[in-house]
Amino acid sequence: MLKQLKDYRRIVIKIGSALLVDRATGLKQSWLESLGQDIANLSRAGVEVLVVSSGAIALGRTVLGLPKKSLKLEESQAAAAAGQIALAKAYADVLGGHGVKSGQILLTLSDTEERRRYLNARATIETLLKLGAVPIINENDTVATTEIRYGDNDRLAARVATMMGADLLILLSDIDGLYTAPPHKDPNAQFIPLVASITPQIEAMAGAAASELSRGGMKTKLDAGKIANAAGTAMIITSGTRMAPLSAIDRGERATLFEPSNAPVNAWKTWISGNLEPAGRLTVDAGAAKALKSGKSLLPAGLKEIEGQFERGDTVAVLNEDGREIARGLIAYDADDARKIAGHKSDEISAILGYDARSAMIHRNDLVVRGVNALKTEEV
1 MLKQLKDYRR
11 IVIKIGSALL
21 VDRATGLKQS
31 WLESLGQDIA
41 NLSRAGVEVL
51 VVSSGAIALG
61 RTVLGLPKKS
71 LKLEESQAAA
81 AAGQIALAKA
91 YADVLGGHGV
101 KSGQILLTLS
111 DTEERRRYLN
121 ARATIETLLK
131 LGAVPIINEN
141 DTVATTEIRY
151 GDNDRLAARV
161 ATMMGADLLI
171 LLSDIDGLYT
181 APPHKDPNAQ
191 FIPLVASITP
201 QIEAMAGAAA
211 SELSRGGMKT
221 KLDAGKIANA
231 AGTAMIITSG
241 TRMAPLSAID
251 RGERATLFEP
261 SNAPVNAWKT
271 WISGNLEPAG
281 RLTVDAGAAK
291 ALKSGKSLLP
301 AGLKEIEGQF
311 ERGDTVAVLN
321 EDGREIARGL
331 IAYDADDARK
341 IAGHKSDEIS
351 AILGYDARSA
361 MIHRNDLVVR
371 GVNALKTEEV
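If you want it as structure tokens, here you go:
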């Protein structure tokens, strides 16, 4: 059963091109204003909202007066360049009218897959949220190649949701949920309100249809669901064609809920632990080992030895003084800098390295402690 949106902590909302842009008239201003009111209401209720928005290419076509036929890659990229400016301004104006700040971030899928770029992107988005701003995230279509052709904003939204530890991903589209078959092709298609697991049978229901202005279809939405659910993020697919589409979810309008597999932090940390090979090894003293087991971040002061050559964002194993692996995580420093600050207090790091640096060698959110439930909330 769907909860009220105000009961979630952090929500990522993905908006499809067809919802934002009319091919004849351009930006759907009234619809965007109703969405802005919804987002402002959630923000006032204490919910952190992130928006992953398609529409730059579709809007840029209108801005540049490009023909309505299929565009070449370079034309799509030019349209994106013009459309991104218009799109960012539209969101800033609408949200600003409700006293809500916003900031634009352009990403590609590789920004959420390469660990060093992932850490930088996450830190920027986290800072925007702490400052009370709504991040408006779009795929960087001016430089993307494969993504611009195949449409990855559904999956990008899912990766943003998992990266930021969101507990809900909402895909607003021009269809109101999942059916047993594409409803425009099969009049007997039945609506599915709840999906406990995305099985091959569920995937077979997707079909291959995409709307005229969007680049994705139900298949990419199910791909997004698999990414989100595996990391503990619930997902909703619903129609965004209604005015105030988020309020419509709370009113009980039709939507499909995809249940998560586990709590977000547990699933994310399990992924770190099981799927990445360590690029290096850190040996820590008994005090640091004890701190890790209580849910703290790994600080440089507790480091005794460093093995391997690694870059910032790589996965490293953490060993105790007996040489047993006790944890694994994503490191915030490359090997050279890590060796320079090993054994030093956090307030000495900036002076040693010559730049403002992070206090933790591995932040607790990026750390899996072996045999310990890692759902700890203590700050560094």
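Residue numbering for the sequence shown follows full-length UniProt numbering, beginning at 1 and increasing consecutively. Positions of the beta carbon are idealized from the N, C-alpha and C atoms, including for glycine. The structure presented is a predicted model; accordingly, all values stated were derived computationally and were not measured.
| Roughly how many angstroms separate the alpha carbons of G323 and S261, rounded to a whole number? | One C-alpha to the other measures close to 33 Å.
| message | For the structure I just gave you, are there three or more beta carbon pairs, one from the segment 228 to 245 and one from the segment 160 to 176, closer than 8 Å? | response | In short, these stretches touch, since the Cβ pair count reaches three.
| request: Determine, using beta-carbon pairs with one atom in the segment 152 to 171 and one in the segment 214 to 233, whether at least three such pairs fall under 8 Å. | output: Yes, since at least three Cβ pairs between the segment 152 to 171 and the segment 214 to 233 fall closer than 8 Å, the two stretches touch.
| query | Hey, quick one: how far does the beta strand (DSSP E) through V318 stretch, first residue to last? | reply | Run containing V318: T315 to L319, per the beta strand (DSSP E) assignment.
| message | Does the contact criterion of 3 or more C-beta pairs under 8 Å hold for the segment 87 to 100 versus the segment 21 to 39? | response | Yes, they touch.
| task | Using the Cα positions of V12 and D366, report the straight-line distance between them to the nearest angstrom. | result | Those two C-alpha atoms are separated by around 20 Å.
| task | Taking only runs that begin and end inside the segment 117 to 169, name each unbroken beta strand (DSSP E) of 3 or more residues, in chain order. | result | As far as the segment 117 to 169 is concerned, its whole beta strand (DSSP E) runs of at least 3 residues are 133 to 139.
| said: Can you check which of these residues, G16, I39 and L282, is closest to L299 by C-alpha distance? | reply: Nearest of G16, I39 and L282 to L299, Cα basis: L282.
| request: Look at I136 and T124 and say whether their C-beta atoms are less than 9 Å apart. | output: Going by beta carbons, I136 and T124 fall outside the 9 Å limit.
| field | Under the three-state DSSP convention, the category V94 falls into | value | In the three-state scheme derived from DSSP, where H, G and I count as helix and E and B as strand, V94 is classed as helix.
| Local conformation of K101 per DSSP, three classes | The DSSP-derived three-state label of K101 is strand.
| request: Measure the alpha-carbon distance for A338 versus F310 and round it to whole angstroms. | output: A338 and F310 have their C-alpha atoms spaced approximately 10 Å apart.
| task | Check S239 in the structure and name its three-state DSSP category. | result | When secondary structure is reduced to three states using DSSP, S239 falls in the strand class.
| task | Please determine, among G36, V52 and N41, the residue with the shortest C-alpha to C-alpha distance to S17. | result | The alpha carbon of S17 has as its nearest neighbour, out of G36, V52 and N41, the alpha carbon of V52.
| Which term fits R328, buried or exposed, when burial requires 16 or more other beta carbons within 10 angstroms of its beta carbon? | Counting other Cβ atoms within 10 Å of its Cβ, R328 reaches 16 or more and is therefore classed as buried.
| task | Could you have a look at A14 and say whether DSSP puts it in helix, strand or coil? | result | A small fix is needed here, since residue 14 is Lys in this sequence, not Ala. In the structure shown, K14 falls within a strand segment according to DSSP collapsed to helix, strand and coil.
| query | Are L169 and L5 close, meaning C-beta to C-beta below 9 Å? | reply | The beta carbons of L169 and L5 sit no closer together than 9 Å.
| said: Between I341 and D314, how many whole angstroms is the CB-CB distance? I'm expecting something under 8 Å. | reply: Rounded, the Cβ-Cβ distance is 16 Å, inconsistent with contact.
| message | Which same chain residues end up closer than 7 Å to H98 when comparing Cβ atoms and leaving out the 5 residues on each side of it in sequence? | response | If you ignore the 5 residues before and after H98, its C-beta comes within less than 7 Å of the C-beta of G36, Q37 and A40, all in its own chain and listed in chain order.
| Which class does A248 belong to by DSSP, given the choice of helix, strand or coil? | Under the three-state reduction of DSSP, A248 is assigned to helix.
| Do you know whose CA, among V49, E48, L50 and P67, lies nearest I57's CA? | Put simply, of V49, E48, L50 and P67 the residue whose alpha carbon is nearest the alpha carbon of I57 is P67.
| field | Residue burial classification, Y179 (beta-carbon count within 10 angstroms, cutoff 16) | value | Answer is buried; the Cβ neighbour count reaches 16.
| request: Output the distance between the C-alpha atoms of A210 and H184, rounded to the nearest integer angstrom. | output: Residue placement at A210 is poorly supported in this model, since its pLDDT is 48, which falls under 50; the coordinates are not used for a value here.
| Are the beta-carbon atoms of L107 and N138 separated by less than 9 Å? | Result yes, Cβ atoms of L107 and N138 sit closer than 9 Å.
| task | Determine the closest residue to A133 out of A206, R44, P193 and K14, with distance taken between C-alpha atoms. | result | Looking at the Cα atoms, R44 is the closest of the given residues.
| Based on Cα-Cα distance, which residue from S54, M235, K69 and I192 lies nearest to R10? | Nearest C-alpha to R10: M235.
| field | Whole-angstrom C-beta distance between P193 and T256, which should lie under 8 Å | value | Correct: roughly 6 Å between the Cβ atoms.
| request: Measuring alpha carbon to alpha carbon, tell me which of G217, K219 and G280 ends up nearest V316. | output: Comparing Cα positions, the closest option is G280.
| Beta-carbon gap between S346 and A360 smaller than 9 Å | The answer is yes: Cβ separation under 9 Å.
| Beta-carbon proximity of V369 to I326, cut-off 9 Å | Yes, these two residues count as a Cβ contact at 9 Å.
| task | Using three-state DSSP, classify K304 as helix, strand or coil. | result | K304 falls in the strand class under three-state DSSP.
| request: Look at the Cβ atom of R358, then the Cβ atom of G295, and state whether they are nearer than 9 Å. | output: No. Outside cutoff.
| said: For a test of the three-state rule: what should DSSP assign to E74, helix, strand or coil? | reply: E74 falls in the helix class under three-state DSSP.
| request: Taking only the alpha-carbon atoms, compute the straight-line gap between L292 and K304 and give it to the nearest angstrom. | output: When only Cα atoms are considered, L292 and K304 end up about 15 Å apart.
| query | Along the chain, which unbroken stretches of the beta strand (DSSP E) at least 3 residues long are found entirely within the segment 4 to 48? | reply | For the segment 4 to 48, whole beta strand (DSSP E) runs of length 3 or above, ordered along the chain, are 10 to 15.
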